[in-house]
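Notes to accompany the following structure.
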């Protein structure tokens, strides 16, 4: 079972950045990549933000999106597709930072606090992980919760949001993540 969060990379993005800083981040993250690969990443995969871009709207979000995909989410995509025997979930509860799903995974209803997670969502995640560990197939006894599909080539996941637990196509079932699978940046 693999998982990733929508905004994993924000904690790894600088708080101030411009275009040349972004290119330096790519060079640091991909130290053996050819200049053509660096340009592909900077200009085509993660172009400067514009009014036409629906992926991000500023340089910080651009760097966060690069970090999310290259460091976390595309790797989950690769593992999910590896043997067509995997399951995956996409954690999309705002702000969906790296590790934020841990408060749901380790939720204890007897230790509630001012920012306790949604119990239904927490119990469903715990069920999914526990049943997967026991019998290799994630399932949940929570009423109305979607059955877990195999990840497959399409990137089928359970999307966990603040309002629903539903089937979805993984946000990283895209050409950028398929390109990372090729290893051309090494």
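Residue numbers (full-length UniProt numbering): 1 to 186.
Beta carbons: idealized from backbone N, C-alpha and C, even for Gly.
Treat the numbers as computed from the prediction; the structure is a model and nothing was measured.
With a 10 Å radius around its C-beta and 16 neighbouring C-beta atoms as the bar for buried, classify residue 25 as buried or exposed.
By 1-based counting over the chain shown, the position of residue 25 is 25. Answer is buried; the Cβ neighbour count reaches 16.
CA-to-CA distance, residue 106 to residue 31, given in whole angstroms
Walking along the chain shown from the start, residue 31 turns up at place 31. Walking along the chain shown from the start, residue 106 turns up at place 106. About 37 angstroms.
CA-CA distance, residue 173 and residue 75?
As a working mapping, residue 173 is identified with position 173 in the chain shown. As a working mapping, residue 75 is identified with position 75 in the chain shown. Taking the straight line joining both Cα atoms gives about 11 angstroms.
For residue 77, which three-state DSSP category applies?
Along the chain shown, one-based indexing puts residue 77 at 77. Helix.
Give the C-beta separation of residue 69 and residue 177 to the nearest angstrom, bearing in mind that I take them to be a contact with Cβ-Cβ under 8 angstroms.
Position 69 of the chain shown, counted from the start, is the residue given in the question as residue 69. Position 177 of the chain shown, counted from the start, is the residue given in the question as residue 177. Between residue 69 and residue 177 the beta-carbon gap is near 6 angstroms, inside 8 angstroms, which marks them as a contact.
Which value, in whole angstroms, describes the spacing of the CA atoms of residue 15 and residue 66?
Residue mapping note: residue 15 aligns to position 15 of the chain shown, counting from 1. Residue mapping note: residue 66 aligns to position 66 of the chain shown, counting from 1. For the pair residue 15 and residue 66, the Cα-to-Cα distance works out to about 14 angstroms.
Return the residue from the list 180, 186, 168, 181 that minimises the CA-CA distance to residue 91.
Within the chain shown, residue 91 is the residue found at index 91, counting from 1. Per the Cα distances, 168.
Could you work out which residue in 184, 185, 186, 180 is closest to residue 73 when comparing CA atoms only?
Stepping through the chain shown from its first residue, residue 73 is reached at position 73. Per the Cα distances, 180.
Tell me where the beta strand (DSSP E) around residue 27 begins and ends.
Stepping through the chain shown from its first residue, residue 27 is reached at position 27. First-last for residue 27: 19-29, but that is the alpha helix (DSSP H), not the beta strand (DSSP E).
Please classify residue 156 as buried or exposed, where buried requires at least 16 other C-beta atoms within 10 Å of its C-beta.
Sequence index remark: in the chain shown, residue 156 carries index 156 (1-based). Residue 156 should be labelled buried.
Let me confirm a value: residue 130 is counted as buried when at least 16 other C-beta atoms fall within 10 Å, else exposed. Which label applies?
As a first step, residue 130 is located in the chain shown; it is residue number 130 there, counting from the start. Looking at its Cβ environment, which holds fewer than 16 other Cβ atoms inside 10 Å, residue 130 is exposed.
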